[in-house]
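To keep things clear, I will list the structure first and then write my remarks on it.
2 protein chains.
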Amino acid sequence: MPEPALRSGLLTRLPPPVGIRQHRGTAHPDDQAQAPVTGELSIVGLGPGGPAHRTQAARDAVRDAQIVLGYHAYLAACADLTGPHQDLVPSEIGAEQQRAEDAVRAATDGSRVALVSSGDAGIYGMASLALTTVAALPLARRPSVRVVPGITAATAAAALLGAPLARDFACLTLSDLLAPWEAVEARLRAVAAADLVLALYNPRSRGRPWQLRRARDVLAEYRPDDTPVGLVTDAGRDSERVQLTTLAELDPDRAGMHTVVIVGGEGTSRLGDWLVTARSLHAPR
Amino acid sequence: MPEPALRSGLLTRLPPPVGIRQHRGTAHPDDQAQAPVTGELSIVGLGPGGPAHRTQAARDAVRDAQIVLGYHAYLAACADLTGPHQDLVPSEIGAEQQRAEDAVRAATDGSRVALVSSGDAGIYGMASLALTTVAALPLARRPSVRVVPGITAATAAAALLGAPLARDFACLTLSDLLAPWEAVEARLRAVAAADLVLALYNPRSRGRPWQLRRARDVLAEYRPDDTPVGLVTDAGRDSERVQLTTLAELDPDRAGMHTVVIVGGEGTSRLGDWLVTARSLHAPR
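Sequence lines, in order, name chains A and B. Numbering follows this note's numbering, in which position 88 of the first sequence is assigned residue number 88; successive positions increment by one, without gaps. Count along the second sequence from 1, add 1000, and you get the number used in this note's numbering.
Set out below in structure tokens:
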């Protein structure tokens, strides 16, 4: 039985380049022709909004970068950390592949690069694309890469609602841009039947107006009408909004692109203004 | 149709007391007899380890508290923030209910209190117990309460592994202290069948030696032998360890109380040293 791969060290230490194990020993023309890459790519989660819920590692990664890339609203969200000595490269929604390639190329060229996302870059964020892009490079062209975790939207929303994610939950995206709706709905049904609390990302946008209504109807086949539901929009920003309702009364028009919808399970109660899920499955219901 | 409850403001603002909506208008003897409570309870997630992955809001909440309560290892984890001007109240694992009551009582008595957890206090943490304890008090005895989110173990582990949680995942605890094992296993089966990536909390301890092995065998009924698995122990601490393996070769003895086990789905690939889940369900497999 092969020994599992093992790394040790601090979370803040740069991990070895992506793919070094898999690609070790394979010959590639570029391996001989060029000096090893010295650039560094940090894929950074900025958390939900302003500086309060940003980590020190995220702050330091943005401050120390020579080049910062991201969707323009995310660059604005860390404008307190950047300055004229840095190259800022804003881009649009939909340009994720190009943004990942630009970030990797800049690091490959030897720069310290920060690729920023809101929330956690590893959850419906840029980390998957950026790591895949790096792994496609020959070994000698790969920069050091690290992922800096951030407070993800589900956690930020849950904290404002109370403690709805206290025991066993799932995060699902309702976006069908990258998935057939049938696959999304199958996952919704499985999670509802298993009585997991649900955090729904990307519940609604102008281009996707009907998915949340459909999801509500699917969930209502499994859960009672009075199941507590919380909608949190723009967590951590000035425009932050927290709405409490029930599954039967969930109005999809109240959700937008920056809303997370949390749907309780059997163990979730509304205690005044809070949604709280019991830690125990033994508890009386 | 009743208007859903609505709150607005910054995440850092103290929300209204728990239960104010539910209990408004109900008479209670204490409501007349005593002055309103001025204490504040912050339920704080410290993140996975040292200061690097702690948020500014968590740091400020601990620094500003007059009394800090927590499991003794979590008090040690924020010792850089506390000082002799504060009352530190350490307690043992298993004393969660007492700790919640002590924290709420201190806030009810008028103090600024921080109740600290590692990771996120709302995910398998103290927030559920503390909020339930506050909600049981008569309205006039309730302190202000807020939950300060933290980087949870699943996110911290995922960042070290690459981007395994990039699309649709579930967090389950394998602890059967607060649940019958049959319920845990039913959830495992549902999540495995739905092809969600899994983050397993509390996979193993001295008192619970067999659950991870059993979970592995259950998951192997649904997923191929070569499904990528990552084990992250002590994320963000000096003793941090990252191990990569497969479902068939997962050795439960390698996990401990501070390990998170991430089990990939169909879209998860091993790219060198990283586990990466594709953002798209359309991608070729």
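We treat Cβ as the ideally placed atom computed from N, Cα and C, and that holds for glycine. Fair warning: this is a prediction, and the values are worked out from it, not measured in the lab.
Listed along chain B, the residues sitting closer than 7 Å to cysteine 171 of chain A by beta-carbon distance are Asp1168 and Phe1169. Neighbourhood of aspartate 1120 of chain B in chain A, by CB distance below 7 Å: Thr155, in chain order.
Within its own chain, the residues whose Cβ lies closer than 8 Å to the Cβ of valine 1218 of chain B, once the five positions on either side in sequence are excluded, are Glu1185, Leu1188, Arg1189 and Ala1192, listed in chain order.
Check the Cα spacing between aspartate 238 of chain A and each of A:Pro51, A:Pro36 and A:Gln211: the tightest is with A:Pro51. In this structure, the CA atom of threonine 1227 of chain B is about 44 Å from the CA atom of threonine 1082 of chain B. Beta-bridge partners of glutamate 1040 of chain B (DSSP): B:Arg1112 and B:Ser1144. Contact check between the segment 87 to 104 of chain A and the segment 1126 to 1136 of chain B: fewer than three CB pairs, one atom from each, fall below 8 Å, which does not count as touching. Under a 10 Å Cβ-count criterion, glutamate 240 of chain A is classified as buried, with 16 or more other Cβ atoms of the shown protein chains found around its own Cβ. In this structure, the straight-line span from the alpha carbon of tyrosine 1071 of chain B to that of valine 1089 of chain B is close to 9 Å.
Secondary structure note for threonine 1277 of chain B: it is in no alpha helix (DSSP H), and the uninterrupted beta strand (DSSP E) holding it is 1274 to 1277.
Sixteen is the threshold: when 16 or more other Cβ atoms of the shown chains lie within 10 Å of the Cβ of tryptophan 274 of chain A, as they do, the residue is buried.
Excluding five sequence positions before and after aspartate 1120 of chain B, the CB atoms of its chain that fall closer than 6 Å to its own CB belong to Gly1045, Pro1149, Gly1150 and Thr1152, given in chain order. Annotation for alanine 1170 of chain B: the continuous beta strand (DSSP E) segment containing it runs 1169 to 1173. Counting C-beta pairs closer than 8 Å gives three or more between the segment 1259 to 1271 of chain B and the segment 1156 to 1172 of chain B, which meets the contact rule. At a cut-off of 8 Å between beta carbons, arginine 1054 of chain B contacts chain A. Annotated three-state conformation of arginine 1270 of chain B is strand, per DSSP. Against chain B, the CB of valine 148 of chain A has a partner CB under 8 Å away; the residue lies at that interface. Listed in chain order, the non-local C-beta contacts of serine 128 of chain A below 8 Å within the same chain comprise Gly122, local neighbours out to five positions each way being set aside.
Boundaries for serine 1280 of chain B: no alpha helix (DSSP H) harbours it, and the DSSP string shows neither H nor E there. For threonine 133 of chain A, the uninterrupted alpha helix (DSSP H) run begins and ends at 127 to 135, by DSSP. For tyrosine 71 of chain A, the uninterrupted beta strand (DSSP E) segment begins and ends at 67 to 71. The distance from the Cβ of glycine 162 of chain A to that of valine 1104 of chain B is about 14 Å, inconsistent with a contact at the 8 Å cut-off. The straight-line gap separating the alpha-carbon atoms of proline 143 of chain A and leucine 1271 of chain B is approximately 15 Å. In the DSSP assignment, threonine 155 of chain A falls outside any beta strand (DSSP E) and lies within the alpha helix (DSSP H) extending over 153 to 161. Under the criterion of beta carbons closer than 8 Å, leucine 174 of chain A and histidine 1282 of chain B do not qualify as touching, at roughly 16 Å. By the Cβ-count criterion, glycine 39 of chain A is buried, with 16 or more other Cβ atoms from all chains shown falling within 10 Å of its own Cβ. Runs of the alpha helix (DSSP H) spanning 4 or more residues and lying entirely within the segment 1074 to 1115 of chain B occur at 1096 to 1108, in chain order. Residue state for leucine 1198 of chain B is assigned as strand, using DSSP reduced to three classes. DSSP, read as helix, strand or coil, puts arginine 206 of chain A in coil.
For the 8 Å CB-CB criterion, valine 116 of chain A and tyrosine 74 of chain A form a contact. Residue-level contact by beta carbon holds for isoleucine 1123 of chain B and chain A, with a gap shorter than 8 Å.
Within chain B, no C-beta atom comes less than 8 Å from the C-beta of arginine 141 of chain A; the nearest is roughly 13 Å away. By the C-beta density criterion, proline 209 of chain A is exposed, having fewer than 16 other C-beta atoms within 10 angstroms. Near chain B, meaning a CB-to-CB distance below 8 Å, the residues of the segment 190 to 203 of chain A are Ala190, Val191, Ala193, Ala194, Asp195 and Leu196.
If you draw a 10 Å sphere on the C-beta of arginine 1223 of chain B, you find 16 or more other C-beta atoms in it, and that means buried. For the 8 Å CB-CB criterion, serine 1111 of chain B and isoleucine 1067 of chain B form a contact.
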